[in-house]
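Working notes for the structure below.
Numbering (this note's numbering), first residue to last: 13 to 194.
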């Protein structure tokens, strides 16, 4: 029986040492990749052939802590159209200075460069129509007041009265787009 004790003792010691050599468990959790949020919206562009209507273009961008309405307005002003058959009717140097929404009215503030519109009544109609129809895609916006450098303006180019907020003008949309884009 002694030989069992001699064999059992080293086995017990080996088991004891093996159980104490495991790595301790930690409360570390595996790294979680941050969820990238996106915003989708529609902006309205003018056809390059001057056909007298606006065409929607859908954009999806990474969330940048700005409202979707402000991002849509900035996209309309600051980016080139995705479709080569469309043009940006607003002057290239135009900047969005701000956008606020109160009681269904969006106040869109632009740099004075927006007044370099040129091109007569057609360009002014299409530019204001693109701004208003882009912003009124958002259910919380019913009207749009266009201001320049923080002040109300009578007109951008002498052809349209901008003293009061403008409503969505579906007559400027192509026949297939008379309702809000989806």
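For every residue, glycine included, the Cβ atom is placed at its ideal position computed from N, Cα and C. Small disclaimer: the values here were computed from a predicted structure and weren't measured.
- Message: For residue 141, count the other beta carbons within 10 Å of its own beta carbon; 16 or more makes it buried, fewer makes it exposed. Which is it?
- Response: buried
- Message: Checking 8 angstroms against the spacing of the C-beta atoms, do residue 164 and residue 179 come in under that value?
- Response: no
Going by CA-CA distance only, name the one from 138, 64, 60, 79 that's closest to residue 150. 79
Closest to residue 166 by C-alpha separation, out of 127, 132, 100, would be which residue? 127
So, are the CB atoms of residue 106 and residue 159 less than 8 angstroms apart? no
- Message: Can you check which of these residues, 98, 116, 72, 94, is closest to residue 186 by C-alpha distance?
- Response: 98
Original post:
Whole alpha helix (DSSP H) runs in the stretch 102-167 with 4 or more residues, listed along the chain?
Top reply: 132-147
Quiz item: Between the beta-carbon of residue 90 and the beta-carbon of residue 124, is there less than 8 angstroms?
Solution: no
Please classify residue 135 as buried or exposed, where buried requires at least 16 neighbouring CB atoms within 10 angstroms. buried
**Asked** Which value, in whole angstroms, describes the spacing of the CA atoms of residue 73 and residue 84?
**Response** 10 angstroms
Looking only at C-alpha atoms, which of 86, 148, 60, 101 sits nearest to residue 177? 148
Next on the checklist: For a test of the three-state rule: what should DSSP assign to residue 61, helix, strand or coil?
Outcome noted: coil
Check your understanding: What is the rounded straight-line gap between the Cα of residue 111 and the Cα of residue 69?
Key -> 21 angstroms
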